[in-house]
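*Asks:* Pasting a structure below so you can have a look.
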Amino acid sequence: NAFDNSTPFGDTIELKRADDYLDEIERLIETPEKLRGVPTSSHRVTTCCGGIADGLWVITGDTGAGKTTWATFECWYQANQGVPVMMTSFEQRPIGTVQKLLRCQTGKDFTKISKQERIQAINELGSLPCHILDHYGNASLDQIISSIRFARRRYGVKIALIDHLGFLINTDPNTDERREIESAIRKLATISIQDKLTIFLICHPNNMSVAQQRRVKITDLKGASAVRQDAHVGVVVERQQVTKDNPYPRTTLWFDKVRTEFGKNGSHCTLAFDPIACVYADEWSDTPAGKRGATIIVPQ
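Here the sequence shown stands for residues 6 to 305, where the numbers follow this note's numbering.
Written as structure tokens, this is what we have:
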């Protein structure tokens with residue numbers, strides 16, 4: 006009978022009826038945060054994206070705009086809320102990630118505090134559900150997917166940061182780089198839904214925005230068609246200039262794509278950025294430097 010409740014199709018696919026999903030529908034009604042996503046570190050960001058739900062986030066921006074810094078801070082914040090996270094860093098040794106986390110944890114330059122304070126901060130970080138993949142340099146996409154899936158099963162990881170896509174792509178001149186990128190994005194998007202977690206994927210843009218003297222857009226990525234089709238959230242990080250009218254460091258997040266009814270596709274928000282603590286906040290007064298009464302002097 007073609008309409009049996011569960012008819013096998015190949016080795017992995019099943020056909021079901023709508024009423025097979027009744028329990029899942031009821032669970033979603035009882036726990037709406039699974040659809041809406043957990044709140045981010047910023048009310049403004051949460052308003053734009055609708056929260057952090059299962060799916061693939063593609064994060065891009067100019068060199069030095071703060072892509073990795075913002076993603077690392079958000080992972081640190083979520084770990085402090087009890088959300089298990091996994092972080093990778095292929096462009097710099099993992100110790101670089103630890104240094105950013107230490108700045109977040111201490112709220113200041115960790116080299117300027119006592120050894121005892123550093124040890125305490127490291128121990129505090131060690132007590133968080135924050136896991137760092139101890140690998141530097143290129144890795145295969147399959148290796149990273151296996152690592153993420155292991156972390157999901159073993160440690161309950163809900164957010165995985167991959168920094169960055171370029172280290173997972175075959176650089177052989179005989180390969181089609183664009184096709185490789187599109188395939189990687191689709192695989193990661195699929196894994197994020199199948200394994201019920203969020204993947205933050207850092208990607209570098211091409212130079213089109215520089216030539217056209219405008220901000221980076223999600224469409225500036227190689228494999229942009231896959232990003233538009235398969236990514237659940239597309240974020241562009243843009244650092245703002247310090248001016249007399251805006252005397253504090255600021256960063257704008259552009260949400261060029263948001264695939265959820267709880268977010269706002271095409272929206273953006275600007276956050277205060279404390280460069281010493283690597284911390285972002287809705288207002289400067291909420292950053293560690295702002296709480297200490299620190300001010301930024303704009304040159305005449």
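For each residue, glycine too, the CB sits at the ideal point set by N, CA and C.
1. Near alanine 286, what residues of its chain come up, given a Cβ to Cβ distance below 6 Å and the 5 sequence neighbours on each side ignored?
2. Please go through the same chain and pick out, in chain order, the residues whose beta-carbon is closer than 8 Å to the beta-carbon of histidine 48, but skip the five residues on each side of it.
3. Between which residues of its own chain and alanine 76 is the CB-CB distance below 8 Å, once the five residues before and five after are set aside?
4. Using alpha carbons as the reference points, say which of Lys296, Asp28, Gly271, Gln121 lies closest to glycine 55.
5. Could you check what DSSP says for arginine 255 in three-state terms: helix, strand or coil?
6. Please report the straight-line C-alpha distance between glycine 298 and phenylalanine 267, rounded to a whole angstrom.
7. Between which two residues does the beta strand (DSSP E) carrying leucine 206 extend?
8. In chain order, what residues of the same chain have a beta carbon less than 7 Å from the beta carbon of alanine 84, not counting five sequence neighbours either side?
9. Alpha carbon to alpha carbon, how far is threonine 275 from threonine 257?
10. Hey, could you find the ends of the beta strand (DSSP E) leucine 61 is sitting in?
11. Look at the alpha carbon of arginine 157 and the alpha carbon of threonine 73, and state the distance between them as a whole number of angstroms.
12. So, helix, strand or coil for phenylalanine 14, using DSSP?
13. With DSSP collapsed to three states, give me the class of isoleucine 301.
14. With distances taken Cα to Cα, identify the nearest neighbour of alanine 216 among Ala194, Ile301, Ala58, Asp67.
15. State buried or exposed for aspartate 235, treating a residue as buried only when at least 16 other CB atoms are found within 10 Å of its CB.
16. Answer with buried or exposed for isoleucine 186, where buried requires no fewer than 16 other C-beta atoms within 10 angstroms of its C-beta.
17. Can you tell me whether DSSP reads glutamate 288 as helix, strand or coil?
18. Would you kindly check if the distance between the Cβ of aspartate 225 and the Cβ of glycine 239 is under 8 Å?
19. Along the chain, where does the beta strand (DSSP E) that runs through threonine 275 open and close?
20. Leaving out the 5 sequence neighbours to the left and right, which residues in its chain are closer than 6 Å to tryptophan 81 when beta-carbon positions are compared?
21. Per the DSSP calculation, phenylalanine 326 is bridged to which residue(s)?
22. So alanine 221 packs on serine 214, CB below 8 Å; how close in whole Å?
23. Answer with buried or exposed for lysine 120, where buried requires no fewer than 16 other C-beta atoms within 10 angstroms of its C-beta.
24. Using a Cβ-Cβ cutoff of less than 8 Å, which residues in the same chain neighbour serine 145 once the five nearest sequence positions on both sides are dropped?
25. Excluding sequence positions up to five away, which residues of its chain have a Cβ less than 6 Å from the Cβ of threonine 12?
*Replies:* The short version:
1. Ala277, Thr292
2. Asp287
3. Ile64, Leu166, Asp168, Phe205, Ile207
4. Gly271
5. strand
6. 35 Å
7. 203–207
8. Val90, Leu133, Pro134, Cys135
9. 4 Å
10. 60–66
11. 22 Å
12. Confidence is the limiting factor: at phenylalanine 14 the pLDDT is only 42, short of 50, which leaves the residue's position unreliable and the question unanswerable from this model.
13. coil
14. Asp67
15. buried
16. buried
17. coil
18. no
19. 273–279
20. Leu106, Cys109
21. Here the chain has residues from 6 to 305 only, and residue 326 is not among them.
22. At residue 221 the sequence reads valine, which differs from the alanine that was named. The Cβ separation is near 5 Å, so the contact holds.
23. exposed
24. Leu173
25. Low confidence applies to threonine 12: its pLDDT is 42, below 50, so where it sits in the model is not reliable enough to give any reading.
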